[in-house]
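> Got a structure here, written out as structure tokens. Questions coming.
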Amino acid sequence: MTITDDYLPVPVPESLTATYLVPTSGEPPLTPAEAVAALGDRLAAPVRDLATQMIDSPLLTVDTRPVVDFPHLPPDLLAAFGATGEQLARLAAASHLVVVDASYRPGWPPAHEWAARAVAAALAESLDADLIDVFALQILSPAVALRSLPDADGRVRLVDWLLVPYSSDADGLWFTTKGLRRFGLLELQAEGVPPHLTRAWGAVMTGVARRILRTWTEELTATEPPAFAQLPIRATVSGHDIAVAYGNPDQHDGGRPATLRLELDPAPDPDADSFLSLRPPAGHTGPPGRYFAAVCATLFGATGSDVRYTRPADAMATAIATARDRLPDIRDRFLADELPADAQLVVKYALPSDDGPEYVWATVTSWLDPDRILGSGANDATTDPAVRMGCPVMVNTDDVVDWAVLDGTGVVEGGWTQAVLDAG
Numbered sequence: 108m109t110i111t112d113d114y115l116p117v118p119v120p121e122s123l124t125a126t127y128l129v130p131t132s133g134e135p136p137l138t139p140a141e142a143v144a145a146l147g148d149r150l151a152a153p154v155r156d157l158a159t160q161m162i163d164s165p166l167l168t169v170d171t172r173p174v175v176d177f178p179h180l181p182p183d184l185l186a187a188f189g190a191t192g193e194q195l196a197r198l199a200a201a202s203h204l205v206v207v208d209a210s211y212r213p214g215w216p217p218a219h220e221w222a223a224r225a226v227a228a229a230l231a232e233s234l235d236a237d238l239i240d241v242f243a244l245q246i247l248s249p250a251v252a253l254r255s256l257p258d259a260d261g262r263v264r265l266v267d268w269l270l271v272p273y274s275s276d277a278d279g280l281w282f283t284t285k286g287l288r289r290f291g292l293l294e295l296q297a298e299g300v301p302p303h304l305t306r307a308w309g310a311v312m313t314g315v316a317r318r319i320l321r322t323w324t325e326e327l328t329a330t331e332p333p334a335f336a337q338l339p340i341r342a343t344v345s346g347h348d349i350a351v352a353y354g355n356p357d358q359h360d361g362g363r364p365a366t367l368r369l370e371l372d373p374a375p376d377p378d379a380d381s382f383l384s385l386r387p388p389a390g391h392t393g394p395p396g397r398y399f400a401a402v403c404a405t406l407f408g409a410t411g412s413d414v415r416y417t418r419p420a421d422a423m424a425t426a427i428a429t430a431r432d433r434l435p436d437i438r439d440r441f442l443a444d445e446l447p448a449d450a451q452l453v454v455k456y457a458l459p460s461d462d463g464p465e466y467v468w469a470t471v472t473s474w475l476d477p478d479r480i481l482g483s484g485a486n487d488a489t490t491d492p493a494v495r496m497g498c499p500v501m502v503n504t505d506d507v508v509d510w511a512v513l514d515g516t517g518v519v520e521g522g523w524t525q526a527v528l529d530a531g
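Last residue of the sequence shown: number 531 in the working numbering, and the count goes up by one each step with no gaps.
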């Protein structure tokens, strides 16, 4: 392999393993092969054939063990990744876990993941139970797991296999991916992302992951995977990449792509994870956040921002009323330092403009006066050049239309108006 300044040599693992658990109180009524066969056409033929072949080989094992033989699965963490109360209750009541393990070499298709998830979903359905994706620490219903598997043409939605968590730091938001290691690739990270780009940047990360994953698997087409694969330092992402990653290949406008720089950030601790970092291109001046904002503007235009214009329809009016009704309580909790650790309180307020109010967000830093909130801008306003991200702002409480408590996983409380917007 030729090493050049245009490519990053990324190590390729020799093999990959997928593990799924099925909580139960007894042995499965069907064998793995019988459970897969019972799914019928709910499992596309390519996946059914792959799972059947893996079941008949030493590459996939199924074993039932007592729950006490396993490390404790933290319910709060499972809940943070989407587990419902009913799912957690079923897990707590289980006496045994059916363990599905599969191994395969890196490349495409990821046979270990597809086969293990298919078998676990089939066994879970036969037990009227859930399955746990150990890699992502997610509890899935059999129906959700089956929908994530490839269709008859081998197509999958990357968002069903990839999480994009984020957390706050002094320079903005720190985004990472969780899912690329399923395919043997290092996870992505980006630091200093402006808070108002939360949803847009999550889509950008997903699109970049899709582009890099495609390059990665193309590098691994040989019978014997190389020790290193080369990834281009210039990471290009387009609207098409994002649309395909979300399972909507026909819903993109064919607009201009955006370019980011890819850097290898090896972990100083051998037990910690290394990352592929997304940064502005060489020669860019100014904070990374401004370039990230330009990337979102290139890919999404005005919709790349969480700044929205809206007229208060019934659902929106109800959301605003709910948020305003709970303002006194959230202020009391903020002043009493009763918010979750490492969480931040943000408020959404109205700025007047000729086209109607522009709604922007601010991070609350002080709220001693019940009528006035001191904070810092969470995004640049379009209509008021004085309202800029990171700059001090004073907000009249009467202008607040929503609030939210954010932690490393996203919105943990509030955000009613955003929920209405997200619902279309």
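In this text, a Cβ means the ideal position worked out from N, Cα and C, and glycines have one as well.
1) Beta-carbon separation of Asp506 and Ala457 under 8 Å?
2) With burial defined as no fewer than 16 other Cβ atoms inside 10 Å of the residue's Cβ, what is the status of Thr109: buried or exposed?
3) How would you label Val527, buried or exposed, when you count the other beta carbons within 10 angstroms and need 16 or more for buried?
4) Who pairs with Tyr114 in a beta bridge, going by DSSP?
5) Nearest CA to the CA of Ala485: which residue from Ala469, Arg479, Pro477?
6) Could you name the residues that DSSP lists as bridge partners for Pro499?
7) What residue from Leu234, Ile162, Ala200, Ala336 has the CA that sits closest to Glu121's CA?
8) When we look at the beta-carbon of Gly390 and count the other beta-carbons within 10 Å, is it buried (16 or more) or exposed?
9) According to DSSP, simplified to helix, strand and coil, what is Asp348?
10) Which residues in the same chain have their Cβ closer than 6 Å to the Cβ of Val241, if we skip the five residues on either side of it in sequence?
11) Curious, which full-length alpha helix (DSSP H) runs of at least 4 residues does the segment 126 to 198 contain?
12) How about the segment 201 to 210 and the segment 165 to 172: do they share at least three Cβ pairs that are nearer than 8 Å?
13) Can the beta-carbon of Val226 be found less than 8 Å from the beta-carbon of Val119?
14) Nearest by alpha-carbon distance to Arg368: which of Leu123, Ile340, Ala151, Thr284 is it?
15) Quick one: what does DSSP say Gly309 is sitting in, helix, strand or coil?
16) Distance check for Ile246 and Thr191, CA to CA, integer angstroms please.
17) Nearest to Val467 by alpha carbon, out of Val502, Ser473, Pro165?
18) If you follow the beta strand (DSSP E) that Val206 is in, where does it begin and where does it stop?
19) By how many angstroms is the C-alpha of Leu270 removed from the C-alpha of Val521?
20) Determine, using beta carbons only, whether Ala236 and Val117 come nearer to each other than 8 Å.
21) Taking the straight line between their C-alpha atoms, what separation do you get for Glu445 and Trp308?
22) Rounded C-beta distance between Trp221 and Pro272? I'm assuming under 8 Å.
23) For Ala233, is the classification buried or exposed, using 16 other Cβ atoms within 10 angstroms of its Cβ as the cut-off for buried?
24) Going by other Cβ atoms of all chains shown within 10 Å of its Cβ, with 16 needed for buried, is Ala199 buried or exposed?
25) By DSSP, does Phe382 sit in helix, in strand, or in coil?
26) By how many angstroms is the C-alpha of Val508 removed from the C-alpha of Pro558?
27) Less than 8 Å between the C-beta atoms of Val454 and Ala352, yes or no?
28) Please classify Val266: does DSSP put it in a helix, a strand, or coil?
Let me spell this out:
1) Contact: yes.
2) With a pLDDT of 46 at Thr109, under the threshold of 50, the modelled position of that residue is not reliable, and the figure given next carries that caveat. Classification for Thr109: exposed.
3) Per the 10 Å Cβ criterion, buried.
4) DSSP lists Pro339 as partners of Tyr114.
5) When only C-alpha atoms are compared, the closest one is Ala469.
6) In the DSSP output, where bridge partners are listed per residue, Pro499 has Ser483.
7) Of Leu234, Ile162, Ala200, Ala336, the residue nearest in Cα terms is Ala336.
8) With fewer than 16 other Cβ atoms within 10 Å, it is exposed.
9) Asp348 carries a helical assignment under DSSP once its states are collapsed to helix, strand and coil.
10) Taken in chain order, the residues that qualify are Thr126.
11) Scanning the segment 126 to 198 from its first residue to its last, the whole alpha helix (DSSP H) runs of 4-plus residues come out as 139 to 145, 152 to 162, 182 to 187.
12) Per the Cβ contact rule, the segment 201 to 210 is in contact with the segment 165 to 172 (3 or more Cβ pairs under 8 Å).
13) In terms of Cβ geometry, Val226 and Val119 do not form a close pair [threshold 8 Å].
14) Ranking the options by Cα distance to Arg368, first place goes to Ile340.
15) Reduced to three states, the DSSP call for Gly309 is helix.
16) Spanning the two alpha carbons is a distance of roughly 8 Å.
17) Nearest option by C-alpha distance: Val502.
18) Segment 203 to 211, the beta strand (DSSP E) holding Val206.
19) Before going further, note that residue 521 is Gly rather than Val in the sequence given. Using only the alpha carbons, I get a separation of about 22 Å.
20) Remark: C-beta atoms of Ala236 and Val117 do not approach each other more closely than 8 Å.
21) Here the C-alpha atom of Glu445 lies approximately 29 Å from the C-alpha atom of Trp308.
22) Your pair Trp221 and Pro272 does not check out as a contact, with CB atoms roughly 24 Å apart and the cut at 8 Å.
23) It should be pointed out that residue 233 corresponds to Ser in this sequence rather than to Ala. A residue is called buried once 16 or more other Cβ atoms fall within 10 Å of its Cβ, and Ser233 is buried on that count.
24) Under a 10 Å Cβ-count criterion, Ala199 is classified as exposed, with fewer than 16 other Cβ atoms of the shown protein chains found around its own Cβ.
25) Residue state, collapsed to three classes: strand.
26) In the structure displayed, the chain extends from 108 to 531; residue 558 sits before or after that span and is not available.
27) Result no, Cβ atoms of Val454 and Ala352 do not sit closer than 8 Å.
28) Here Val266 sits in helix by DSSP.
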